[in-house]
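Taking it in order: structure first as structure tokens, then the write-up.
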Amino acid sequence: MSAPTLVDFDDVVDRYDPMLGLEVHVELSTNTKMFCGCPTEFGAEPNTQVCPTCLGLPGSLPVVNRTAVESAIRIGLALNCDIAPWGRFARKNYFYPDMPKNFQTSQYDEPIAVNGHLDVTLEDGTVVRVEIERAHMEEDTGKSLHVGGATGRIHGAEYSLLDYNRAGVPLIEIVTKMIPDTGARAPEVARAYVTALRDLIRSLGVSDVRMDQGSMRCDVNLSLSPRGSGILGTRSETKNVNSLRSVERAVRYEMSRHAGVLDAGDKVVQETRHFQEDTASTRSGRIKETSEDYRYFPEPDLVPIAPSAEWVEELRGTLPELPWERRARIQREWGLSDAELRDLVNAEALDLVAATVDAGAPSGDARSWWVSYLSQQANTRGVVLDALPITPAQLARVIELVTSGELNNKLARQVVDGVLEGEGEPDEVVAKRGLAVVSDDGALIAAVDEALAAQPDVAEKIRGGKVAAAGAIVGAVMKATKGQADAKRVRELIIERCGA
Amino acid sequence: MSPDSPSSGGAITRDEVAHLARLARLAVTDDELGVFAGQLDVILGAVARVGEVAADDIPPTSHSVPLENVFRPDERRPSLTQEQALSGAPAAEGGRFRVPQILGEEQ
Ligand SMILES: [Zn+2]
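Here's what the structure looks like:
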């Protein structure tokens, strides 16, 4: 197939309106699977977390995990959804070996939560309300390994190997309504929505929402309509979008690709596409089966779920402080401006700063470390901030050493570098690298006298009352002590020695 | 409903049988298409007779037992061992079920 024609992004938004829809799958962190008592841990030996039920063996009977239903309801409530008072599971029939039953147990036309919304804050502070169509319960599929062929992909594979440990793990699929009128900001809105959803679900404690481990996965639905026409275009559904950055890039790429197809007078094919991380492009998958082809029907082995109003209200009472409430509180408590709060959130530093404050550091110091020096380090290493090998408690200890005067800022950065290099706890790094400030006044006085003697004209000025001239001597002393002096103390000593 | 899907009224067409056979990955010969179309028609006709009996005050039901909210606590039960899990598999490799090449589709 020839490479698609891509239209320049600015040109796309001049002439087309993007219609965006997002489907996010969240794997619940329950102890057991959706319909059986098998464990759900990531990374076990293949096919050791399976039983007759999740293998779809004859005679087995599924029973719904109560905690999974509660998690689904709590997610629905946090998303401002209505909780359906009655609903059934359905069988989604399809012929593919990732489900040993040849159907996936899902919810079809009776989802547990409907009609919600999530307010999403963009980087510049603009708030976009994303309407939620539904959140429904289903089960995850197994994992396939394609053997043979050059790419490890399905094409050219000689055979496939199946591990069903993941088959039956509870999933919640959260589907937005079409998000209109995002224009050039469609990629940013998509990313911000997935970020906000991740933060929300993390706050509920129902999933570890790790996109890199597949416990949160995003499908991007996109279509274009000619600017202002209101005519809905044909949409594509892009799967395998497994990082926040990829969500943004997938939307951007599909917008350019759709415009190329439409400009050529061709029709966009309704199909599943796969996001390619390395090239930030999408590749055609299969032509999408219609929902009729899945031959959904009510699952005969399960009885309906009918959450009582009391149960729902009880669960509403278990909702923790939600991310936007927490942000408002933190902004108040730390006295942050809107812009300062936004910087923290955009740097993905809020939780880390909060944890550092919890470990005893003042919020201003904690904030400045994470947003500037540590963000730079993360950037240099090409990792996200919370993947840096330093804990909030370790940083809080470094800040404490600065506050007590045992370290100055320059030395503190070296201690942090040492922790990042795996040299141990801050105190160990201080000891190993010999980084404590020279607090012995005797040694400092000697260095001050030496520096004054070396620059007699400056010394004369200070003696004459021009205290501002002391800066040059401070610099000389800091140099002589290799930066390991407390600059403030040095300055005091200079003035003392000059009798100024 | 799409034109080639099974509809509640009218006879089942050979095209509809072919479509269903494809979804189920069944190889059906040209002769069989006609045979199955006729047989499916009979089955659908029999089921449709239920509609003649059901009155408006009888809600549709999908389950014979009037139960709701049957749950299990989120507690682990023993799983099978890998050997047990794979014991019925026609082929296995590296602790995994081995299946033939999957053509044309990727989930
Ligand atoms: Zn199981």
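So the protein lines, in turn, are chains A and B.
For the first sequence, position 353 (counting from the first letter as 1) is numbered 353 according to the working numbering, and the numbering increases by one without interruption.
Basically the working numbering = 1-based index in the second sequence + 500.
For every residue, glycine included, the Cβ atom is placed at its ideal position computed from N, Cα and C.
Check your understanding: So with Cβ pairs under 8 Å, would you call A/I305 a contact of chain B?
Key -> Within the first sequence, the letter at position 305 stands for residue 305 of chain A. At least one chain B Cβ lies under 8 Å of A/I305.
Practice item. Taking A/Q49 as the query, report the chain B residues whose CB atoms sit under 8 Å from its CB, ordered along the chain. Key: Taking the first residue of the first sequence as 1, we reach residue 49 of chain A at position 49. Result: S579.
Practice item. Kindly indicate which three-state DSSP category B/R576 falls into: helix, strand or coil? Key: Position 76 of the second sequence, counted from the start, is the residue given in the question as residue 576 of chain B. Three-state DSSP puts B/R576 in coil, outside helix and strand.
Review point. With 16 as the cutoff for other CB atoms within 10 Å, does A/T267 come out buried or exposed?
Key: What you label residue 267 of chain A is simply residue 267 of the first sequence in a count that begins at 1. Reading off the sequence, residue 267 of chain A comes out as Lys, not Thr. Exposed, since its Cβ has fewer than 16 Cβ neighbours within 10 Å.
Review point. Cβ-heavy atom distance between B/S579 and ligand 2 below 7 Å?
Key: With respect to ligand 2, the structure offers nothing, as its ligand set consists of ligand 1.
Review point. First and last residue of the alpha helix (DSSP H) that includes A/L162?
Key: The residue given as residue 162 of chain A occupies position 162 in the first sequence. Where A/L162 is concerned, there is no enclosing alpha helix (DSSP H), although the beta strand (DSSP E) it sits in stretches over 159-163.
Review point. Does the Cβ of A/V206 have 16 or more other Cβ atoms within 10 Å, making it buried, or fewer, making it exposed?
Key: Position 206 of the first sequence holds residue 206 of chain A. Buried: at least 16 other Cβ atoms inside 10 Å.
Check your understanding: For the beta strand (DSSP E) that A/Q276 lies in, which residues bound it at each end?
Key -> Reading the first sequence from its first residue, position 276 is the one you call residue 276 of chain A. Here the beta strand (DSSP E) through A/Q276 covers 271-276.
Check your understanding: Among the residues of its own chain, which have a CB less than 7 Å from the CB of A/P180, if the five just before and after it don't count?
Key -> For the purposes of this step, residue 180 of chain A is identified with residue 180 of the first sequence, where counting begins at 1. Contacts found: M19.
Check your understanding: Where do the N-terminal and C-terminal ends of the beta strand (DSSP E) with A/I174 fall, by residue?
Key -> On the first sequence, position 174 is the one that residue 174 of chain A refers to. First-last of the beta strand (DSSP E) with A/I174: 170-176.
Exercise for review: Compare the Cα-Cα distances from A/D386 to each of A/V189, A/Y159, A/R210, A/E23 and report the closest residue.
Suggested key: Within the first sequence, the letter at position 386 stands for residue 386 of chain A. For A/D386, the nearest C-alpha among the options comes from A/R210.
Review point. Measuring CA to CA, which of A/A354, A/L79, A/G116, A/P62 is closest to A/A90?
Key: By 1-based counting over the first sequence, the position of residue 90 of chain A is 90. Of A/A354, A/L79, A/G116, A/P62, the residue nearest in Cα terms is A/P62.
Review point. When DSSP labels each residue in this structure, what does A/R332 get in the three-state scheme?
Key: Taking the first residue of the first sequence as position 1, residue 332 of chain A is located at position 332. Helix at A/R332.
Review point. What residues in the segment 86-119 of chain A have a beta carbon less than 7 Å from any beta carbon of chain B?
Key: R88, F95, Y96, P97, D98
Point to revise | Under 7 Å by beta carbon: chain B residues contacting A/P298 | key: For the purposes of this step, residue 298 of chain A is taken as the residue at position 298 of the first sequence. Here the neighbours are S562.
Review point. Do you know whose CA, among A/E400, A/M216, A/S160, lies nearest B/G595's CA?
Key: Looking up residue 595 of chain B in the second sequence gives position 95. Comparing Cα positions, the closest option is A/S160.
Review point. Contact between the segment 163-172 of chain A and the segment 35-54 of chain A: three or more CB pairs below 8 Å?
Key: yes
**Study point:** Under 8 Å between C-beta atoms of A/R129 and A/P304
**Key:** The residue given as residue 129 of chain A occupies position 129 in the first sequence. The residue given as residue 304 of chain A occupies position 304 in the first sequence. No; because the gap between Cβ atoms is not below 8 Å, this pair is not in contact.
Check your understanding: Buried or exposed: which applies to A/R252, given that a residue is buried once 16 or more other Cβ atoms fall within 10 Å of its Cβ?
Key -> Start at 1 with the first residue of the first sequence, and residue 252 of chain A comes out as number 252. Flag for A/R252 reads buried.
Review point. Hey, which unbroken runs of the alpha helix (DSSP H) at 4 residues or more fall wholly within the segment 308-382 of chain A?
Key: 309-316, 323-334, 338-346, 350-358, 363-368, 375-381
Review point. Which word fits A/N379, buried or exposed, when buried means at least 16 other C-beta atoms lie within 10 angstroms of its C-beta?
Key: Mapped onto the first sequence, residue 379 of chain A falls at position 379. That one is exposed.
Review point. Quick one: is B/T561 buried, meaning 16 or more other Cβ sit within 10 Å of its Cβ, or exposed?
Key: Residue 561 of chain B sits at position 61 when you count from the first residue of the second sequence. Per the 10 Å Cβ criterion, exposed.
Exercise for review: Could you spell out the range, first to last residue, of the alpha helix (DSSP H) harbouring A/A250?
Suggested key: As a working note, residue 250 of chain A is residue 250 in the first sequence. Per DSSP, A/A250 belongs to the alpha helix (DSSP H) from 244-263.
Exercise for review: Assign B/S502 to one of two classes, buried (16 or more other C-beta atoms within 10 Å of its C-beta) or exposed (fewer than that).
Suggested key: For this step, residue 502 of chain B is matched to residue 2 along the second sequence. Residue placement at B/S502 is flagged as unreliable, the pLDDT there being 39, under the threshold of 50; the coordinate-derived value follows with that caveat. So B/S502 ends up on the exposed side.
Check your understanding: Does ligand 1 have a heavy atom nearer than 7 Å to the CB of A/T141?
Key -> Taking the first sequence and counting its residues from 1, the one referred to as residue 141 of chain A is at position 141. No.
Review point. Name the chain A residues that come within less than 8 Å of B/D609, Cβ to Cβ?
Key: This structure gives no information on residue 609 of chain B, because the portion of chain B shown stretches from 501 to 607.
Check your understanding: If A/L222 and A/E173 are in contact, beta carbons under 8 Å, what's the gap, nearest whole angstrom?
Key -> By 1-based counting over the first sequence, the position of residue 222 of chain A is 222. By 1-based counting over the first sequence, the position of residue 173 of chain A is 173. Incorrect: roughly 18 Å between the Cβ atoms, too far for contact.
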